[in-house]
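The numbering of the sequence shown is our numbering, which starts it at 311 and goes up by one.
For every residue, glycine included, the Cβ atom is placed at its ideal position computed from N, Cα and C.
Please read all numbers here as calculations on a predicted model, not as lab measurements.
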Amino acid sequence: MTREEALKLVEENVRTKNLVKHMLAVEAGMRALATHFGEDTERWALAGLLHDLDYEETKERPDLHGKRTVEMLRARGFTDEGVLQAILAHAGHKEPERPLEIGLTAVDPLTGLIVAAALVHPERLAGLNSQNVLHRYKEKSFARSASREDIALGEKLGLDLSTFVELVLTAMKGIARELGL
């Protein structure tokens, strides 16, 4: 599946602009991680872009989140089992074990934390640095839905938290206009 085909699927299935922005942020973060580790950037980015494809359909049924995306992708002939398993792992349907699974599970909430930190920063994303994000990370009451436990999975990839935050933050700054930040 090409990025263009994936974007078309996103346009067909996601109506909420902020959710689309989130998916773009995760795509950028996953692309940065793949580049850092010498992995297939398009494949990792695709996992990030498609990971919440079913969110609006399953938000009242979290037990189906991720599973429905996998069904939709398989119905379109998508066969990259690594990407499909990463989507299931990020939604909590399996333990994240492989680097792609761990990366998606960790990048997803980190992008949410970064967006929340940018929204309260006077210069938005442009003025944010990794220390700002790390400070907010330590504030358990800030952006509560950004699972610190999942973000910390970045360490399973061999990245300290500061490096992980810096990689994803830099990637998001590269698409700040698309994110509206």
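| query | result |
| --- | --- |
| Classification of residue 456 by the beta-carbon crowding that lies within 10 angstroms, buried from 16 upward | buried |
| Inter-residue spacing [alpha-carbon to alpha-carbon] between residue 357 and residue 429 | 26 Å |
| Bounding residues of the alpha helix (DSSP H) (the contiguous stretch that carries residue 358) | 351-360 |
| Segments of 4+ residues assigned as alpha helix (DSSP H) that fall wholly inside the region 381-422 | 391-400 |
| C-beta atoms of residue 315 and residue 409 nearer than 8 Å | no |
| Reduced DSSP secondary structure (H/G/I, E/B, other) of residue 328 | helix |
| Where the alpha helix (DSSP H) through residue 366 begins and ends | 365-368 |
| Closest by C-alpha distance to residue 353, when choosing among 311, 386 and 320 | 311 |
| Alpha-carbon spacing of residue 406 relative to residue 364, whole angstroms | 20 Å |
| Residue 435, enclosing alpha helix (DSSP H) - first and last residue | 434-437 |
| Residues near residue 337 by beta carbon distance below 7 Å, same chain, minus five either side | 355, 358 and 359 |
| Residue 331 vs residue 490 beta-carbon contact at 8 Å | yes |
| Which listed residue (433, 460 and 445) has its alpha carbon closest to that of residue 262 | Look at the range of the chain in this structure, 311 to 491, and you will see that residue 262 is not part of it. |
| Buried/exposed call for residue 400, threshold 16 Cβ in 10 Å | buried |
| Exposure of residue 418, with buried meaning 16 or more beta-carbon neighbours within 10 Å | buried |
| Distance between beta carbons of residue 366 and residue 326, contact taken as under 8 Å | 6 Å |
| 8 Å Cβ shell around residue 345 - same chain, five flanking residues per side excluded | 351 |
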